[in-house]
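Peer 1: Below is a structure I'd like to ask you about.
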Amino acid sequence: MPQVGRSVDIGGRSLNISCSGAGGPPVIFESGGPGPGLEWEPLQTEVAKFTQACWYDRAGEGWSDPGPFPRTSVAIVSDLHELLKRAGVPAPYVFAGASIGGLNSRVYGGLYPKEVAGMVLIDSAHEDESLRAPKFYLGHTVPRFLWHPLYAAFETAAFVGLVRLTQSSPAQSKDSSQMTREEIIAALRRQPKSFVGNASAGIVLPESYAEARSIVELGDFPLIVLTAGQSFDFRNAELNKEAAAYQQVWIQEIQPKLVRLSTRGRQIVVPNGTHSTIPREVIISAIREVLTEVRGGAASH
119 MPQVGRSVDI GGRSLNISCS GAGGPPVIFE SGGPGPGLEW EPLQTEVAKF
169 TQACWYDRAG EGWSDPGPFP RTSVAIVSDL HELLKRAGVP APYVFAGASI
219 GGLNSRVYGG LYPKEVAGMV LIDSAHEDES LRAPKFYLGH TVPRFLWHPL
269 YAAFETAAFV GLVRLTQSSP AQSKDSSQMT REEIIAALRR QPKSFVGNAS
319 AGIVLPESYA EARSIVELGD FPLIVLTAGQ SFDFRNAELN KEAAAYQQVW
369 IQEIQPKLVR LSTRGRQIVV PNGTHSTIPR EVIISAIREV LTEVRGGAAS
419 H
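Below is the structure:
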């Protein structure tokens, strides 16, 4: 299907990036889970009305080449740093990171502090999740010594097609010019390289948590922490009760730790939002507010 964005060589492999709008500092969207950066396009369109806005595909996602193992947060943000430099996107940046993308944004700020002017964390992942969350929230982690054998197994499975979904969807038989954005995203998610990349990142999640934990402060830039006010509905009364109790820990104890990473951090609890349903207008408003602070005046319209 036709590429959205452009490929940029970062040293023997390429990553896909899409930027629109003008002005600074540029806003960099960091995805919250597996899948292409194209998911950010509706937000990008709005943010591009008042500054440059960019999303990208991590290694192995969308139109980007796979990357070397292990795919920890440090590896991901090192890729991003090189991509932004070679793509000519001028620092400093305002990061908008959702879920695990928030974790990656923090690691970027720790590794390249002079390149970050502000940050919006959208119900960001936090390393305390593995310690505090109910057991049904979490899968078992894989021991470090299994990383490389498992990765090789995933690569082999992808090569022979075992990780493809066995049943085709209506979108697969469509001409790409007739596919909706959602259908394109779904098709990109079904790529074997995407399965491999997602599995490998999941395997080394404990390492990414450790990388984030080592960053104890991010300085004094504007930081807004958007926190979901509602837990997921697990369609089970007992699980929902446990999830609701943990949500209060999340709101009152874990997410405030993110706020304290900057002397100019503040938390906004989104009453009706869940981890995956923070309203678009709330995110745009937070980005605009951070940009206003960075610029020292009103954001342009």
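Residues in the sequence shown are numbered from 119 upward in steps of one, following the working numbering. C-beta atoms are modelled at their ideal positions from N, C-alpha and C, and glycine is treated no differently.
Kindly give me the distance between the Cβ atoms of Lys-411 and Gly-129, rounded to whole angstroms, as I take these residues to be in contact under 8 Å.
Peer 2: Contrary to the premise, residue 411 reads as Glu rather than Lys in this sequence. So it is not a contact: roughly 35 Å between Cβ atoms.
Peer 1: Closer than 6 Å by C-beta to Ala-216: which residues in its own chain qualify, once you throw out the five before and the five after it? Chain order, please.
Peer 2: Closer than 6 Å at Cβ, skipping near neighbours: Gly-150 and Ile-240.
Peer 1: Tell me the residue span of the alpha helix (DSSP H) that contains Glu-301.
Peer 2: Per DSSP, Glu-301 belongs to the alpha helix (DSSP H) from 299-307.
Peer 1: Can you have a look at Thr-381 and say buried or exposed, based on whether 16 or more other CB atoms are within 10 angstroms of its CB?
Peer 2: Thr-381 is exposed by the Cβ-count criterion.
Peer 1: So, helix, strand or coil for Pro-154, using DSSP?
Peer 2: Looking at Pro-154 - three-state DSSP - the assignment turns out to be coil, as it is neither helix nor strand.
Peer 1: How many angstroms separate the CA atom of Thr-169 from the CA atom of Tyr-211?
Peer 2: One C-alpha to the other measures close to 11 Å.
Peer 1: Quick check on the burial criterion: 16 or more other C-beta atoms within 10 angstroms. Buried or exposed for Ser-349?
Peer 2: Per the 10 Å Cβ criterion, buried.
Peer 1: In the DSSP assignment, the alpha helix (DSSP H) including Ile-401 goes from what residue to what residue?
Peer 2: Note, Ile-401: alpha helix (DSSP H), 398-413.
Peer 1: Taking 7 Å as the cut-off, decide whether the C-beta atoms of Ala-328 and Val-388 are in contact.
Peer 2: No, the pair does not count as a contact, with Cβ atoms beyond the cut-off.
Peer 1: To the nearest angstrom, report how far apart Phe-339 and Gln-296 are at their CA atoms.
Peer 2: Answer to the nearest angstrom: the Cα atoms are 43 Å apart.
Peer 1: Report yes if the C-beta distance between Ile-405 and Val-225 is below 7 Å; otherwise report no.
Peer 2: No, these two residues do not count as a Cβ contact at 7 Å.
Peer 1: For Asp-197, which residues of its own chain have a beta-carbon under 8 Å away from its beta-carbon, when the five flanking residues on both sides are left out?
Peer 2: Excluding positions up to five away in sequence, the list reads Ile-128, Leu-133, Arg-176, Ala-177 and Gly-185.
Peer 1: If you draw a straight line from the alpha carbon of Leu-409 to that of Pro-143, how long is it in whole angstroms?
Peer 2: Distance between the alpha carbons of Leu-409 and Pro-143: 7 Å.
Peer 1: Give me the residue from Ala-251, Arg-204, Ile-372 and Leu-376 with the minimum Cα distance to Arg-131.
Peer 2: For Arg-131, the nearest C-alpha among the options comes from Arg-204.
Peer 1: Between the alpha carbons of Ser-138 and Ile-302, how many angstroms are there, rounded?
Peer 2: One C-alpha to the other measures close to 20 Å.
Peer 1: Just confirm the distance between the C-beta atoms of Glu-148 and Phe-213, as a whole number of angstroms; I'd bet it's less than 8 Å.
Peer 2: Their Cβ separation, rounded to whole angstroms, is 6 Å, which keeps Glu-148 and Phe-213 in contact under 8 Å.
Peer 1: If you compare alpha carbons, which of Gly-180, Cys-172, Leu-336 and Ser-248 is closest to Gln-306?
Peer 2: Note on identity: in this sequence residue 306 is Leu, with Gln being the wrong assignment. Here the closest residue by C-alpha is Gly-180.
Peer 1: Quick one: give me the first and last residue of the beta strand (DSSP E) that Ser-132 is part of.
Peer 2: Here the beta strand (DSSP E) through Ser-132 covers 132-138.
Peer 1: Assign Ser-191 to one of three DSSP states: helix, strand, or coil.
Peer 2: Ser-191 falls in the helix class under three-state DSSP.
Peer 1: Please give the ranges of any beta strand (DSSP E) in the region 197-252, keeping only runs that are unbroken, at least 3 residues long and fully inside the region.
Peer 2: As far as the region 197-252 is concerned, its whole beta strand (DSSP E) runs of at least 3 residues are 211-216 and 234-240.
Peer 1: Does any C-beta atom of chain D lie closer than 7 Å to the C-beta of Ser-217?
Peer 2: Absent from the structure: chain D. Only one protein chain is present.
Peer 1: Gly-123: buried (16+ other C-beta within 10 angstroms of its C-beta) or exposed?
Peer 2: So Gly-123 ends up on the buried side.
Peer 1: Based on the DSSP output, what are the partners of Arg-382 in its beta bridges?
Peer 2: For Arg-382, which the question treats as bridged, DSSP gives the partners Pro-340.
Peer 1: Of the residues Thr-392, Leu-336, Gly-206 and Leu-221, which one's Cα is nearest the Cα of Ala-193?
Peer 2: Checked all of Thr-392, Leu-336, Gly-206 and Leu-221; the closest Cα to Ala-193 is Leu-221.
Peer 1: Using the C-alpha atoms, what's the distance from Pro-120 back to Ala-362?
Peer 2: Those two C-alpha atoms are separated by around 43 Å.
Peer 1: Between Asp-183 and the rest of its own chain, which residues show a CB-CB distance below 6 Å, the 5 nearest in sequence each way excluded?
Peer 2: Answer for Asp-183: Arg-131 and Ser-132, listed in chain order.
Peer 1: Answer yes or no: do Gln-385 and Val-343 have a C-beta to C-beta separation smaller than 7 Å?
Peer 2: In contact: Gln-385 and Val-343 (Cβ atoms closer than 7 Å).
Peer 1: Relative to the alpha-carbon of Val-207, which residue among Gly-414, Tyr-174 and Gly-153 has its alpha-carbon at the smallest distance?
Peer 2: Nearest of Gly-414, Tyr-174 and Gly-153 to Val-207, Cα basis: Tyr-174.
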